[in-house]
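Report on the structure given below.
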Amino acid sequence: MAEAERPRTLWAVADLHVSVRGNREVVAGLAPDNPDDWLIVAGDVAERPELILRTLGELAARYARVIFTPGNHDLFCRGTDRHVGEDRYAQLIEGCRTLGVLTPEDPYPQFGGVTVCPLFTLYDYSWRRPGTTVDEALAEAAERGVVFTDEMSIRPFADPVLWCRRRLAYTVRRLSRIAGPTVLVNHWPLAPEPLAALRHPEMTPWCGTRHTRDWPRRYGARAVVYGHLHIPAVHEIDGVRHAEVSLGYPRQWRRRPPEPRWPYPVMEDR
Ligand SMILES: [Fe+2]
1 MAEAERPRTL WAVADLHVSV RGNREVVAGL APDNPDDWLI VAGDVAERPE
51 LILRTLGELA ARYARVIFTP GNHDLFCRGT DRHVGEDRYA QLIEGCRTLG
101 VLTPEDPYPQ FGGVTVCPLF TLYDYSWRRP GTTVDEALAE AAERGVVFTD
151 EMSIRPFADP VLWCRRRLAY TVRRLSRIAG PTVLVNHWPL APEPLAALRH
201 PEMTPWCGTR HTRDWPRRYG ARAVVYGHLH IPAVHEIDGV RHAEVSLGYP
251 RQWRRRPPEP RWPYPVMEDR
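Heads up: the sequence shown begins at 1 in the numbering used here, then just goes up one per residue.
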């Protein structure tokens, strides 16, 4: 098809992990089919702000619009960093603003009559085994050898539970003002169904919050885009398509099934 006849596409990726050898080449190969295409980057670009912003800047030079929301890796800090915790988040948002990359702090853009909403809701350990406290769930996970780096690289600098609670209030306030269909974009899944595919169920406390479960229906989602699990799949939940669009690590993407396509075409605007 001639370029002008091609519909413009809203593409989505997540978990690019460009600090991992092999992934940078994959990301270097990302290019639009049509110069008017948009790209969603749903978190976990890398761990260092310079590399995250450099990568987003490169993508912003290729796509008409790049929309980014941070994941847990993007928030990993060291004690020696100048910006830690919520300050790191602010640093990334500020950097994106200079690059013209949209984040959860910007007005939500419209793509073909649909409002694209990058969200940043973090997690609050509420997807833990029923009847356990947060401390018990974390201890149980540790006993089975599951310890998220988040506990060393995020939690010493920010309280995820309190941060998550404030993010939920902020996000609900904004989503409730939207009329018409939406695409909801978050690093962490919004619904718990995809977690059933995790090899280690002890990981679920770090995978989101139960408070977002009915958001897709409540806020008119035509699609939900997320990453984090490194289990690319499309789930139909309450009549809404939830697509995990992660790239993941080379050992994972080398044996990726042909579906869902990557990068993932969320929608076209004809
Ligand atoms: Fe993640």
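Just so you know, even glycine gets a beta-carbon here, dropped at the ideal spot from N, CA and C.
Host alpha helix (DSSP H) of residue i (start-end)
| i | result |
| --- | --- |
| residue 152 | 150-153 |
| residue 160 | 160-175 |
| residue 49 | 49-62 |
| residue 93 | 86-99 |
| residue 25 | 23-28 |
Residues near residue i by beta carbon distance below 6 angstroms, same chain, minus five either side
| i | result |
| --- | --- |
| residue 57 | 99 |
| residue 75 | 88, 154 |
| residue 163 | 122 |
| residue 22 | 250 |
| residue 238 | 217 |
| residue 65 | 38 |
| residue 128 | 137, 205 |
| residue 220 | 181, 182 |
| residue 12 | 40, 225, 245, 264, 266 |
Unbroken beta strand (DSSP E) run spanning residue i, endpoints
| i | result |
| --- | --- |
| residue 219 | Looking at the DSSP string, residue 219 is not in any beta strand (DSSP E), and its letter there is neither H nor E. |
| residue 139 | Per DSSP, residue 139 belongs to no beta strand (DSSP E); it is in the alpha helix (DSSP H), 134-143. |
| residue 268 | 264-269 |
| residue 233 | 233-237 |
| residue 243 | 240-244 |
| residue 65 | 65-68 |
| residue 185 | 182-185 |
DSSP three-state assignment for residue i, whether helix, strand or coil
| i | result |
| --- | --- |
| residue 254 | coil |
| residue 9 | strand |
| residue 39 | strand |
| residue 210 | helix |
| residue 204 | helix |
| residue 191 | coil |
| residue 102 | strand |
Spatially closest choice to residue i from the options, by CA coordinates
| i | options | result |
| --- | --- | --- |
| residue 69 | 82, 131, 36, 104 | 104 |
| residue 18 | 12, 10, 27 | 27 |
| residue 120 | 9, 255, 226, 269 | 226 |
| residue 44 | 188, 265, 142, 10 | 188 |
| residue 212 | 109, 15, 158, 124 | 124 |
| residue 46 | 175, 126, 256, 15 | 15 |
Cutoff 8 angstroms; reference residue i; Cβ partners in own chain excluding five residues on either side
| i | result |
| --- | --- |
| residue 90 | 83 |
| residue 198 | 204, 207, 229, 231 |
| residue 222 | 114, 181, 182, 183, 240, 241, 267 |
| residue 96 | 53, 56, 68, 102, 103 |
Environment of residue i [buried if 16+ CB atoms lie within 10 Å]
| i | result |
| --- | --- |
| residue 147 | exposed |
| residue 259 | exposed |
| residue 286 | No statement about residue 286 is possible, as the shown extent of the chain runs from 1 to 270 and does not include it. |
| residue 244 | buried |
| residue 78 | exposed |
| residue 130 | exposed |
| residue 178 | exposed |
| residue 80 | exposed |
Own chain, CB closer than 7 angstroms to residue i, minus 5 neighbours either side, in chain order
| i | result |
| --- | --- |
| residue 150 | 72, 206 |
| residue 31 | 62 |
| residue 33 | 6, 9 |
| residue 51 | 18, 19 |
| residue 252 | 230 |
(message) Tell me which residues pass a beta-carbon proximity test against ligand 3: closer than 5 angstroms to any heavy atom, given in chain order.
(response) Of the ligands one can find in the structure shown, namely ligand 1, none is ligand 3.
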